[in-house]
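Working notes, structure below.
Protein chains in written order, with this note's numbering: chain A, 119 to 649; chain B, 119 to 649.
So, in structure tokens, the structure goes:
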């Protein structure tokens, strides 16, 4: 139970201790190949050298892709205008707070009633450590970050079809699955079943590693013991004085574990996109959009609905109306256009793009997704269940419950991500009135946290297919559509370049939007310089 | 690459969707057995009912154990005095900041030169989510917490004896070990080597789960692919536009992986004590000690060195001098004594405890441990290597490098935990002058981060065997000494009860100190009430 195992000192290590280790020159050489940048397409702040000579660019959409383009092209000397449908910038980089009002397609209006300091991010809500472009813009724009707790070993895994519907702690499923795998593989090795695959010294090392990693006993078995409890948690935790003797906990049986299907939730935190650490802006995801907006306020025309895009050999003309009063039309013109309007919307806008581009636009469906924000009178997940941040997963339609990564252990209220649904469930939820969505999310969540019944105060639900300015969550490429249409979608169409998460290999992520934009403006600048 | 796999709707789930799932009553019943408290010896704020009738308690030591006892006994109506050796409270709950001066046994003085806002916690530095007593006192005392990043998939695992000394990313070793294990076990199952252990439906479920969890391909192999890269990371990360095509990375070969021994570092984050999430007080660990001190200021006599403890049938008399001027002696008396002085120190204090108690005191060695704080001019681990918090492990004597869990992505300076050594290495380091310790920590750390050579500014090193008021890090019970001496150590010795991390089953942790104290004062109060 101490901090970690004690090292024993080898001769090599003793040499290191006195600073005369051999081979350090070779090692230093190896080190120079390190560094993170080589793995990322983001190579630090973009450098658009050369004078664009007054060239103008019209940017459609003030989401992250549009604002990155605006910021960098202005910096490079371009004449930039941005048209934005909404009354503010950010796009899907969006946070709803108490006092906000949101009207969705179909006319339902939700008035957000969260207490001050609480929020829901209907769109992106976490930043991987390797989203270098997002992180760098946060740094440059002064957006403060805090850890987003993605993996929580004390959160629940829940299935209506397993353990009588009783939620299980992640640490129990995680430890027991690993322990079972280690025990079974050890047995196979010891029965010489893998002698063709693992030979000689590897065989002994494999057994040693399985024993350690899987918390196996000296007979290579995963059994109820203090040792396995040091991984999965105890029946009774160790304590102090005369009352502190720990009691081990009993592992779940192999069949129950396998048939529960709860192992399907173990991988999330091992995925590159969801590995710890992850981050969120302090105060809500739209702190990023707000920071961009502060820089670009004078370039953006808000409340502007694009109704036609027309290009000639000389330039691009965009016709628009006021978003809230679709009477009179006006036009804006520029030499070039960066169009970040989602294809789901763009497919409804008159244009004279090429046939192949319009085929690409038509070929990209947008994912259905719903997010719920539920304010609770009391942070019962922390107070009753010691769940501080992280995510519980369930096979109920809500799919998951996300716990806030703020104000830990401070008491008071909290807003849960009461669900985050995809696919058929998301279509179902989106088809309902918001209050019915919320009612169901509360009913379902109460199966995992019965405290919902007493503590729920108010809630909202954003179904992305009803968000008027995206009509969906993100562009879904299949292997086939990407092969057929992506090269067209990403390439110049006359004087227009598309940008946004849909023009990337990281759909749905802010990083995709930014990298797409940087790629687009790099090519635009090259073309301007070569003209 | 989207957020997670899409659910398909089963009949059961559809029923759940419309709120008429069968069996929900049974499920609700099961839910009532949930809750965290049952697993913990901490059952919320202690309740010492009844009037102690003016009984007095002398508490020796104003560490966490002593201060919990003082706070709760005063609240229960006892007459409480605390004697503390140092000029401030907290004990091993200790933070060193710029401007602090620390003089160790042997006379070496270190002047801490960190910039403002930076610190080293020489003692405890992280709080597990299940240390309910620590968390509850933080809440009650208003100590704000923030996440401590324990697990970082982008941190390094390093061995002088593997990969030519080149550090490996945790995610590479972690993914590849898991993938290899899954592939080998799948093969054994498919060769029917485990037919006696895994039968029928379990067999297919096991293969399905291994494929998913281990990132295996359709032939159940762990190979270079986009799929395995979605776990271990890519050769080139996916990007945007026309330049964003991802390139997969190549897994490490099985033999290299096993012989590296780096798998030994994979388990830390799976241990109950180190599972995410973990926490730290905002501003340094001693925010806890400071908060207690504010509550108890008037009860504590600082700079007080206990030189003799004498008890009779009626009470306890403690003789002390000024810590800084050991001339005159004074005495304090009380009906009872809670003694939180570490046994390493107590063994040198005159007393009239029973023979068995003095045997117990003599039988408990204290662990050697050294921590290093190194200030760097630049947060190169974040800027160059995308390591935001977490820990890199090495088989060098420094054992690990811990990255600060504060001010992420904000640029500027940072103080690394430049090493945290135990056992023989710790003895070696402690035997050196502080500046030599620091020199070696910098030299060794530079093998993992060559940037040390340019960026190191100043550093400190605390060797716990030279800390004058503990002479070691924590009390190390073996199975034998615990069986022979612990019951004596934890029980009444006349009118004295010991408390502290050493009188617990969670040695070295603040939770052990607090639970030990609560256990002791509960028994003290019972005895007082029964007299």
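All residues carry an ideal CB built from backbone N, CA and C; glycine is no exception. A quick note: this is a predicted structure, and the numbers were derived from the prediction, not measured.
Closest Cα partner of residue i within the set the options
i: residue 244(B); options: 213(B), 258(B), 273(B); result: 213(B)
i: residue 264(A); options: 542(A), 609(A), 507(A); result: 507(A)
i: residue 375(A); options: 557(B), 319(B), 522(B), 560(B); result: 319(B)
i: residue 577(B); options: 640(B), 544(B), 218(B); result: 218(B)
i: residue 488(B); options: 539(B), 479(B), 480(B), 605(B); result: 539(B)
i: residue 453(B); options: 432(B), 471(B), 502(B), 445(B); result: 432(B)
i: residue 262(A); options: 189(B), 335(B), 223(B), 524(B); result: 524(B)
i: residue 463(A); options: 252(A), 186(A), 483(A), 400(A); result: 483(A)
i: residue 605(A); options: 622(A), 404(A), 613(A), 592(A); result: 622(A)
i: residue 496(A); options: 465(A), 459(A), 227(A), 573(A); result: 573(A)
i: residue 118(B); options: 362(A), 227(A), 552(A), 221(A); result: Lying before the first or after the last residue shown, residue 118(B) is absent from chain B, which here runs from 119 to 649.
i: residue 166(A); options: 645(A), 640(A), 440(A); result: 640(A)
i: residue 201(A); options: 518(A), 455(A), 277(A), 283(A); result: 455(A)
i: residue 625(B); options: 509(B), 614(B), 561(B), 461(B); result: 461(B)
i: residue 590(B); options: 562(B), 449(B), 544(B), 310(B); result: 544(B)
i: residue 293(B); options: 471(B), 329(B), 553(B); result: 329(B)
i: residue 592(A); options: 284(A), 628(A), 373(A), 251(A); result: 628(A)
i: residue 611(B); options: 474(B), 392(B), 563(B); result: 474(B)
Residues near residue i by beta carbon distance below 7 angstroms, same chain, minus five either side
i: residue 210(A); result: 181, 241, 242, 588
i: residue 394(A); result: 268, 269, 387
i: residue 548(A); result: 486, 488, 581, 583, 584
i: residue 339(A); result: 301
i: residue 378(A); result: 277, 280, 281
i: residue 635(B); result: 183, 186, 187, 617
Sequence-distant residues of the same chain with beta carbon closer than 6 angstroms to residue i, five excluded per side
i: residue 407(B); result: 207, 208, 211
i: residue 333(A); result: 297, 345, 346, 349
i: residue 72(B); result: Because chain B in this structure spans residues 119 to 649, residue 72(B) falls outside the shown range and cannot be described.
i: residue 440(A); result: 421
i: residue 451(A); result: 433, 435
Coarse secondary structure for residue i, derived from DSSP in three states
i: residue 570(A); result: helix
i: residue 272(A); result: coil
i: residue 454(B); result: strand
i: residue 139(B); result: Note that residue 139(B) has pLDDT 39, beneath the 50 cutoff, so the model's placement of it is unreliable and the number below is only indicative. The answer is coil: DSSP assigns residue 139(B) none of H, G, I, E or B.
i: residue 632(A); result: helix
i: residue 646(B); result: helix
i: residue 474(A); result: helix
i: residue 366(B); result: coil
i: residue 621(B); result: helix
i: residue 279(A); result: coil
i: residue 592(B); result: coil
i: residue 160(A); result: coil
Outcome for residue i when other beta-carbon atoms lying within 10 angstroms are tallied against a minimum of 16
i: residue 258(B); result: exposed
i: residue 503(B); result: buried
i: residue 161(B); result: exposed
i: residue 272(B); result: buried
i: residue 608(B); result: buried
i: residue 163(B); result: exposed
i: residue 638(A); result: buried
i: residue 370(B); result: buried
i: residue 337(B); result: exposed
i: residue 422(B); result: buried
i: residue 546(B); result: buried
Other residues of its chain near residue i: CB distance less than 8 angstroms, five sequence neighbours each side excluded
i: residue 69(A); result: The question about residue 69(A) has no answer here: the residues shown for chain A are numbered 119 through 649.
i: residue 383(A); result: 275, 288, 291, 511
i: residue 189(B); result: 410, 413, 414
i: residue 368(B); result: 342, 353
Neighbouring residues, chain D, relative to residue i (Cβ below 7 angstroms)
i: residue 455(A); result: No chain D appears in this structure, whose protein chains are A and B.
Length at least 4, wholly inside the segment 283-364 of chain B: the alpha helix (DSSP H) runs in chain order: 288-308, 318-331, 344-350
Could you pull out every unbroken alpha helix (DSSP H) segment of at least 4 residues lying fully inside the segment 510-567 of chain A, listed in chain order? 541-549, 552-563
Could you tell me which uninterrupted alpha helix (DSSP H) segments, each at least 4 residues in length, are contained entirely in the segment 170-238 of chain B, listed from first to last along the chain? 182-193
Threshold first: 4 residues or longer. Then list the alpha helix (DSSP H) segments lying entirely within the segment 380-453 of chain A, N to C. 405-414
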